[in-house]
Amino acid sequence: MPTFVPDSSLVSDTVPSLNFGDRAKGRQPDMIVLHYTGMPDVEGALARLCTSGTEVSAHYVVLEDGRVVQCVQESKRAWHAGVASWAGEEDINSCSIGIEIVNRGHDWGYPAFPLRQVAAVIALCRGIIHRRDIPAHRIVGHSDVAPARKKDPGEKFPWHSLADSGVGHWIRPAPIVAGEVLKTGSEGDDVRALQQSLARYGYGIKANGKFDTATMEVVTAFQRHFRPAKVDGIADQSTLTTLQALLDSLPAQTASNGIR
1 MPTFVPDSSL VSDTVPSLNF GDRAKGRQPD MIVLHYTGMP DVEGALARLC TSGTEVSAHY
61 VVLEDGRVVQ CVQESKRAWH AGVASWAGEE DINSCSIGIE IVNRGHDWGY PAFPLRQVAA
121 VIALCRGIIH RRDIPAHRIV GHSDVAPARK KDPGEKFPWH SLADSGVGHW IRPAPIVAGE
181 VLKTGSEGDD VRALQQSLAR YGYGIKANGK FDTATMEVVT AFQRHFRPAK VDGIADQSTL
241 TTLQALLDSL PAQTASNGIR
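Start counting the sequence shown at 1; every next residue gets the next number (UniProt numbering).
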């Protein structure tokens, strides 16, 4: 199988995937989407990402010991996001770079992410950010862009460590306190305002004023990323305050216009 020159000096090996294509309309990537492999071992994960017919791939795979494998060139469109959306865009594969992090995931015990692996993810992302000028708020998880389908990289992923190293948009979550909540079955202006705020941040959600299943899934995804201490799909005061603080800390143009 033909190989290629790695895009990152951190790459220890290239394992070319057959699953890729051209980015639509020459789109240049301005997002990073982080995943976990969600499989029992790295061999099975690499085989799935690189074998023709699986319809799945990623640009990079970060192993538990910190080694980085590249499977698709950054200039190409890897097939990692599937049916997804962010900030009004639906072809996430064309506008993003996908990084798979080796972890068995929720279905196989969901272990913590080793420090060496996290350090490698940070270093890899920092290089991509530098090469591609990726905005902090466009470094997201698979569950952010596909909340109805995905949980990865999940609530154990240390987004705070990435942010401390200049990777991603994150703030300290507001404390969890007792009080009024919005949950499945709630309706009205408060629910609509929540939905509008989530959409303003980038989540694919319609503001219909009803706390339906889709809203619960988006709130759950938001909590996995930004308020991981309690992931229950209920919009309590901690969730609402954290969301507002994130919006307040966005670049002015992005926050006012809801654009990339």
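Cβ coordinates follow ideal geometry from the N, Cα and C atoms, glycine included.
{"Item": "Are there 16 or more other CB atoms within 10 angstroms of the CB of GLN117, so buried, or fewer, so exposed?", "Value": "buried"}
{"Item": "From the DSSP output, in three-state form, read off ILE134 for me.", "Value": "coil"}
{"Item": "Between the stretch 184-200 and the stretch 137-157, do at least 3 Cβ pairs fall closer than 8 Å?", "Value": "no"}
{"Item": "From GLU187 to ALA207, what distance separates their C-alpha atoms?", "Value": "11 Å"}
{"Item": "Can you name, in chain order, every residue of its own chain whose Cβ lies under 8 Å from the Cβ of GLU100, other than the five neighbours on each side?", "Value": "HIS35, TYR36, THR37, ALA45, LEU49, ALA58, TYR60, VAL61, VAL62, HIS80"}
{"Item": "Under the assumption that CYS95 contacts ARG27 (Cβ atoms under 8 Å), give the Cβ distance between them as a whole number of angstroms.", "Value": "5 Å"}
{"Item": "Using the Cβ count rule (16 or more neighbours within 10 Å means buried), how would you classify ASP7?", "Value": "buried"}
{"Item": "Using C-beta distances below 7 Å, list every residue in its chain close to residue 304, excluding the 5 sequence neighbours before and after it, in chain order.", "Value": "Here the chain covers residues 1 to 260 and nothing more, so residue 304 does not appear."}
{"Item": "Whole angstroms are fine: how far does the CA of GLY141 sit from the CA of ASP152?", "Value": "6 Å"}
{"Item": "Indicate whether the contact test is met: 3 or more Cβ pairs, each with one atom in the stretch 215-222 and one in the stretch 102-111, closer than 8 Å.", "Value": "no"}
{"Item": "CB-CB under 8 Å to THR3, same chain, minus the five flanking residues each way: which ones, in chain order?", "Value": "THR14, PRO16"}
{"Item": "When DSSP labels each residue in this structure, what does GLN237 get in the three-state scheme?", "Value": "helix"}
{"Item": "Could you name the residues that DSSP lists as bridge partners for ILE32?", "Value": "ILE97, ILE139"}
{"Item": "Are ILE234 and ARG138 closer than 9 Å when you measure CB to CB?", "Value": "no"}
{"Item": "Going along the chain, which residues of its own chain have a beta-carbon closer than 8 Å to the beta-carbon of THR54, five neighbours each way excluded?", "Value": "ASN19, ARG48"}
{"Item": "Grab the span of the alpha helix (DSSP H) containing THR37 for me, first residue to last.", "Value": "Careful: THR37 lies outside any alpha helix (DSSP H) and carries neither H nor E."}
{"Item": "Answer with buried or exposed for PRO29, where buried requires no fewer than 16 other C-beta atoms within 10 angstroms of its C-beta.", "Value": "buried"}
{"Item": "Return the chain-ordered list of same chain residues with a C-beta closer than 7 Å to the C-beta of GLU64, the five sequence neighbours on each side being excluded.", "Value": "VAL102, PRO114, GLN117"}
{"Item": "Could you tell me which residues DSSP pairs with GLN70 in its beta bridges?", "Value": "THR14, TYR60"}
{"Item": "In whole angstroms, what is the alpha-carbon distance linking GLN237 and LYS25?", "Value": "42 Å"}
{"Item": "With ASP189 as the anchor, note down where its alpha helix (DSSP H) starts and where it stops.", "Value": "189-201"}
{"Item": "Indicate the three-state DSSP secondary structure (helix, strand or coil) for TRP79 in the structure shown.", "Value": "coil"}
{"Item": "What residues match up with GLU89 in a beta bridge as DSSP calls it?", "Value": "TRP86"}
{"Item": "Run through DSSP, which three-state label would residue 280 get?", "Value": "The requested residue 280 is not part of the displayed model; the chain covers only 1 to 260."}
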